[in-house]
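Trainee:
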Amino acid sequence: TNFTSYVTTDNQNFERPSLILKVGNKEKTAWIVSHIDTVPEGDPKLWTREPFSVTVEGNSIYGRGTSDDGQAVFLSMLLLRRIKERINDLQYNLGIAFVADEEVGSAYGIQFLLEKNIFKKEDLIFVPDAGSTDGMDIEIAEKSILWMKFLVNGKQYHASMPQNA
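Numbers given in the working numbering equal positions in the sequence shown, counted from 1, plus 9.
Below is the structure:
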């Protein structure tokens, strides 16, 4: 297992560490990217449980960061533990990136790591951020907007008469 820590400082001079774990020696890597920051707690009156401690009730865990994105960090570590001995049987290395802040558009997390050339163009990237309470939802999505403008030359006709276009 290859383990590396990358540390940058934010605009308030706080250290923002990101951790990289990589198992295997293949050409390509399947990455699981999770963020290890949490949002500020906000108004304490809005909390139904103590935000700065972990509460376990039945099969549920409550506390800051347990869902976003603690669940992904925990599941990434479980996957690494399960797959480590069988990594040579797989097509890809397993890479785990715990980034310092949100995984999209983050100057101190994924953006900082992109500048270090850790990820390759042909790598696979999985971002298991949040999800449903039963863990059964899988969403394939991108969090940014792509605006495109097309210029089409030709005659405008209805799709039922393409021969006239």
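A virtual CB, placed ideally from N, CA and C, is assigned to each residue, including glycine. Since the model is a prediction, treat every value here as computed from it, not as a measurement.
1. Helix, strand or coil for ALA116 per DSSP?
2. Quick check: the Cα distance between PRO137 and GLY79, rounded to an integer number of angstroms?
3. Would you identify the three-state DSSP class for ARG63, choosing helix, strand or coil?
4. Please report the straight-line C-alpha distance between ALA109 and GLY163, rounded to a whole angstrom.
5. Taking the C-alpha atoms as reference points, what is the distance between ILE70 and LEU87?
6. Do the segment 38-45 and the segment 129-136 touch if we need at least three Cβ pairs shorter than 8 Å?
7. Nearest CA to the CA of VAL16: which residue from LYS129, ALA116, LEU99 and GLN165?
8. From the DSSP output, read off the bridge partner residues of TRP175.
9. To the nearest whole angstrom, what separates the beta carbons of GLY33 and LEU123, a pair I think is in contact under 8 Å?
10. Would you mind reading off the limits of the alpha helix (DSSP H) that contains ILE45?
11. From PHE61 to ASP52, what does the alpha carbon distance come to, in whole angstroms?
12. Hey, would you say the C-beta of GLY79 is under 7 Å away from at least one heavy atom of the ligand FMN?
13. Have a look at ASP46, LYS31, LYS37 and THR13 and flag the residue whose alpha-carbon is nearest the alpha-carbon of ASP19.
14. Going by beta carbon distance, what residues of the same chain come within less than 6 Å of SER14, once the five residues before and after it are set aside?
15. Would ARG73 and THR64 be called neighbours here (beta carbons separated by less than 8 Å)?
Mentor: This is what the structure holds:
1. In the structure shown, ALA116 sits in coil (DSSP, three-state: anything other than H, G, I, E or B).
2. PRO137 and GLY79 have their C-alpha atoms roughly 10 Å apart.
3. It should be pointed out that residue 63 corresponds to Val in this sequence rather than to Arg. DSSP places VAL63 outside both helix and strand once states are collapsed to three, so it counts as coil.
4. Roughly 50 Å separates the two Cα atoms.
5. ILE70 and LEU87: Cα-Cα distance of roughly 17 Å.
6. Counting Cβ pairs under 8 Å, three or more are found: they touch.
7. For VAL16, the closest of LYS129, ALA116, LEU99 and GLN165 by C-alpha to C-alpha distance is ALA116.
8. Since the first residue of the chain shown is 10 and the last is 174, residue 175 is not available in this structure.
9. The beta carbons of GLY33 and LEU123 sit about 21 Å from each other, so the pair does not count as a contact at 8 Å.
10. Per DSSP, ILE45 belongs to no alpha helix (DSSP H) and is neither H nor E.
11. Roughly 13 Å between the two C-alpha positions.
12. This structure lacks the ligand FMN; in fact it carries no ligand of any kind.
13. Ranking the options by Cα distance to ASP19, first place goes to ASP46.
14. If the five residues before and after SER14 are omitted, its C-beta is found closer than 6 Å to the C-beta atoms of PRO26 and LEU28, all from its own chain and listed in chain order.
15. With respect to THR64, ARG73 sits apart: the two C-beta atoms are not nearer than 8 Å.
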